[in-house]
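Beneath this line is the structure, given in structure tokens, with notes to follow.
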Amino acid sequence: MKHILFALLCFVLPAAGSASVNPFAQPSASELRDAIKIMRADSRFPQRARIVAMSLAEPAKRDVYDSTKRASIPREMHCTVFDASSNHTYEFTIDVTSRIVSEVRAIPSAQPMLTKADYDAADSIVRKNPRFVEAIKRRGLNPDSVSVETWASGTPLASTQRILRAIFYVPDASGLNRYDRPIEGLAATISLQSKTVTEWRDREIAPIPRATSTYAIPYERSDVPKVTSPSNVRVVDNEVQWGNWRFTPVINAREGLTLYELRFVDSGRVRRVAHRVSLSEMLVPYGDTSGLWAWRNAFDVGEYGFGQNSTQLRKGADVPENAILRSASFADDDGNVVTKPDVLAIYERDAGIAWRHAASATSVASQRGQDLVIQHAAVIGNYDYIISYVLAPDGAITIDVGLTGIMLVKGSVDTTYDGSGSGGQMYAHIVAPNVLAPSHQHFFNFRLDLDIEDTANVVTEVDVWSPPPGEENRFNNAMMLDEWDLRSEREGARDVSLQRARTWRVSSSKLNALGAPTAYTIVPQTVTVPFLGPTALVRQRARFIEHQLYATRYNAQEFYAAGDYPNESDKDHGLPMYQANDDRLIRRDVVLWYTMGVTHVARPEDWPVMPTSHATMKIIPTGFFTRNPLLDSRTAQPPPKKKEKKKSR
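Listed below in structure tokens is the structure:
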């Protein structure tokens, strides 16, 4: 997925004045430069290696939670580098405070995320290949006018080399859509080590579609009211403060938007909700069975990187005019530090009626709702993804993924709808003459390191069920709860049940005023199941899609649901390995891995650019408060007083 806006890594929330004491404060541009300089001066650094990703090396949770150690936590950077000459991957940890490399690890048989150098090399290798030139000219095209779209291998080959794939498009003149005119039947497999095209597919199976991508680019709509009211958001030492919420937002090169130290201030008492929340991995499998399409399976986080493909958010178009926008500094693969503007937005939005009750026609009590949105957008090839964490004053958290951009389409001989469901329209749907959009799925796995009050938590599966008619269900209307604690990691692979309205509750060891543990509950919303068969290799590489929820014991080295290096990986990395020890979960530091999914069956209304669709989940307080916390907020309004009737004489 080429040309995806490169610039690596670390997001900056600049702190004014003195040095930050926030252990999750984003590295400054100068810190990144220092880390690169220190790393390159180390004798263990391969001199021809390039940087894949550099970000803050996260401090140990026990030190973060220890007030006596927190202020003295050293500033360390974590950097993945790749030496193309030897095909070796390394991980460096650089202590910027002490100006030393504190750790170096060689990672055997691993292919890291793709970099700009990979895309440039693949483009050059393909364009120099005589078969490419001949194939393009045979189609009546100028090779210089054709774009080369580079992907990770999708389906790993029997090779230890760094393998890429290439497909081809005719970009439109406007530059708005480089994906609407595919050169169907043409594809290449490329070895970066040998600098050769190892496989070439060339079948003239469909005409090149006419350009269909003309659409206006309005920056601001004049008919939409502008939101210019002052914001109630404060940013202090990289920590965002809004109402009772406190947290630190970060954009990591790989995961993109990550929230650290999510806390709620309850009557002056700061209470923990989550240590870390992030998008761990994605999988996008396509359902077209042709050899030109079957390999198109994208791990968008681990192969391409959400943070490093951040895009600018614009006031009045992407976000409200009163949004707080923050820029990001990155280290690119050559070791240069660059800054991209406005890649993170924080803003308030109206949330409708927060609560309401009409005691009578003239006595109405109600409160207007307001949410805080923390938002980041990434472009991975043709798709635009908008990640939003939405915090509500009542303590609820919504995770929302917006999906928009351009569909991945194929050329076809079909110009109209064929209701027979045969031929090319068996696996795809016509959206324009000679343009088919194959059905596909999007799976998003979020790593939820919830620490409700503290790190000792219990995860409980909560079902609603109705017993058969009898003593417990005399009127055949019973609804009862069935609660079951997840005892170990192997028990922690769980599925959504619509029949039982299943949720998962994470409880602390503290009790509320009613004698129940304080807790938060995971509430599924957007769910789909994989259509990939059980023996499909990509499914074996992405076991996180097989269940909606996994629970594991906290491990500081476990961040990614499909493993550290999903690019060209074999099967059962990530969660299967994390569960292998079957660690106990009761009253332990537990991490939840939740997968939500979308099955996309295309329609003409999705073309040439898709209306934004959404995948969501909720995390809601359950006995965390003693009553509705909105009643204690500053925006709560009492019911109007009744006017007393004057007594007649």
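Residues 146 to 794 in this note's numbering are what the sequence shown spells out, letter by letter.
Just so it is clear, CB atoms sit at the ideal spot from N, CA and C, and this is done for glycine as well.
Following the continuous alpha helix (DSSP H) through residue i, name the residue where it begins and the one where it ends.
i    : result
R272 : 261-272
K206 : 206-210
M184 : 174-186
V315 : Segment: none, V315 is in no alpha helix (DSSP H) and carries neither H nor E.
A280 : 275-283
According to DSSP, what are the bridge partners of residue i?
i    : result
W629 : E606
T560 : BP columns for T560 are empty, so no partner.
I396 : L402
L593 : V422, L737
L775 : Bridge partners of L775: none, in fact.
Y431 : H585
Is residue j closer than 7 Å to residue i when the C-beta atoms are compared?
i    : j    : result
T234 : I252 : yes
Q724 : R650 : no
A267 : D478 : no
N657 : Q256 : no
F588 : G450 : no
R193 : S230 : yes
A638 : H692 : yes
V554 : V524 : no
S584 : G452 : no
Q171 : V395 : yes
A664 : T767 : yes
V342 : A332 : no
S290 : R323 : no
V422 : L201 : no
V241 : R220 : yes
S455 : A174 : no
Mapping the DSSP letters down to three states, classify residue i as helix, strand or coil.
i    : result
G615 : strand
K716 : coil
R794 : Low per-residue confidence applies at R794: pLDDT is 44, beneath 50, and the placement is therefore not dependable enough to give any value.
K340 : coil
V674 : coil
K214 : helix
I149 : Note that I149 scores a pLDDT of 45, beneath 50, so its modelled location is shaky; the value from the coordinates is reported in the next line. Coil.
R684 : helix
D445 : helix
Y572 : coil
Y705 : coil
Q256 : coil
R391 : strand
G566 : coil
E329 : strand
C224 : strand
Q306 : coil
M722 : helix
E598 : coil
S452 : The sequence given here has Gly at residue 452, not Ser. If DSSP states are grouped into helix, strand and coil, G452 belongs with the helices.
G514 : strand
H587 : strand
V157 : The pLDDT assigned to V157 is 41, lower than 50, so where the model puts this residue is not dependable, and the model offers no usable value.
If you compare alpha carbons, which of the options is closest to residue i?
i    : options                : result
N481 : Y492, L177, A170       : L177
N602 : M625, T666, L626       : T666
A623 : E634, L631, R635, W610 : W610
V385 : R417, L407, I690       : L407
T260 : V683, S254, W296       : W296
R189 : D240, P204, A170, E248 : E248
I765 : A280, A419, E349       : A419
A701 : M199, S200, R207, Y572 : R207
V558 : N232, R355, L458, R645 : R355
A443 : V683, Y699, L536       : V683
L402 : M552, S472, T357       : S472
R185 : A174, Y210, R220, I239 : I239
Y534 : N527, G540, G526, L517 : L517
A541 : P614, V668, I196, W738 : V668
T357 : R391, R348, V315       : V315
A582 : E400, E329, Q685       : E329
Could you check where the beta strand (DSSP E) with residue i kicks off and where it finishes?
i    : result
F237 : 233-240
L489 : 482-503
H692 : From DSSP, H692 is part of no beta strand (DSSP E); its letter is neither H nor E.
L548 : 542-550
G742 : 735-745
V381 : 379-381
L581 : 580-583
M762 : 755-767
V296 : In the sequence on display, residue 296 carries Trp and not Val. Run containing W296: 292-297, per the beta strand (DSSP E) assignment.
Y528 : 528-536
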